[in-house]
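Visitor: The following block contains the structure, expressed as structure tokens.
2 protein chains.
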Amino acid sequence: MVEPQLNCGWQVQQKPPLLTRRFDFGAYAETRKFLDDLAGLSKSTGYYPDLSFGKTHVSVSITARDETLGEADFDFATKADALAGQAP
Amino acid sequence: MVEPQLNCGWQVQQKPPLLTRRFDFGAYAETRKFLDDLAGLSKSTGYYPDLSFGKTHVSVSITARDETLGEADFDFATKADALAGQAP
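Following this line, the structure appears as structure tokens:
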């Protein structure tokens, strides 16, 4: 599988398969909006990544749903980039 | 200072001073409600702890606002317990 073009902030780890990225924001309101948008994305995709956040940052950890990272995982990452306004 | 009675799920670490607890829930809707309630608590107190969460769990990390853990830190923890319905 060809990995899609992701923002260079994403770290791809194969063992165990994990896709992670930290997003930084200028203000809490932006952090909050991103979290709310991610919740919507989770609802529509049925996938709930592990999230860590503070006042102005959010880290997203996407674990592979299959044995290796696949299209659904990279798709979630791409959509998260878009929601954050931080696509490539 | 006498530490208030916290749910035994809280871990108190003095160096660096940190108060952490993991809350587990039966469903995503409960997780979401707790996160929203915590956001309200942060807004009213002006304090934003680091939070990590997945579909059915939330970890709260309260860093000491002064050099050691103080009343404001334990107060936030107590209020988080109450919001989760998991007080002592």
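Residue numbers (numbering that gives the first Met the number 0), protein chains in the order written: chain A, 0 to 87; chain B, 0 to 87.
Just so you know, even glycine gets a beta-carbon here, dropped at the ideal spot from N, CA and C.
This one's a predicted model, so the numbers in the text were calculated from it and none came from an experiment.
1. Evaluate A/Ala26 with the Cβ neighbour count: other Cβ atoms within 10 Å of its Cβ, from every protein chain shown; 16 or more gives buried, anything less gives exposed.
2. Is there contact here, the segment 47-56 of chain B with the segment 69-78 of chain A, by at least three beta-carbon pairs under 8 angstroms?
3. A/Gly84 to A/Leu40, Cα distance in whole Å?
4. Any C-beta of chain A within less than 7 angstroms: which residues of the segment 47-63 of chain B qualify?
5. Does any CB atom of chain B fall closer than 9 angstroms to the CB of A/Ala38?
6. Please decide whether A/Leu34 counts as near chain B, where near means a Cβ-Cβ distance under 9 angstroms.
7. Mapping DSSP to helix, strand and coil, what is A/Thr62?
8. Could you check whether the Cβ of A/Arg20 sits closer than 9 angstroms to any Cβ belonging to chain B?
9. If you reduce the DSSP assignment to three classes, tell me which class A/Gly45 lands in.
Guide: This is what the structure gives:
1. With fewer than 16 Cβ atoms within 10 Å of its Cβ, A/Ala26 is classed as exposed.
2. Taking a contact to require three or more Cβ pairs closer than 8 angstroms, the segment 47-56 of chain B and the segment 69-78 of chain A do not qualify as touching.
3. 14 angstroms
4. Tyr47, Asp49, Leu50, Ser51, Phe52, Gly53, Lys54
5. Output row for A/Ala38: interface = yes.
6. yes
7. Of the three classes helix, strand and coil, the one that applies to A/Thr62 here is strand, per DSSP.
8. Using a Cβ-Cβ cut-off of 9 angstroms, A/Arg20 does not count as an interface residue toward chain B, since no Cβ of chain B sits closer than that to its own.
9. coil
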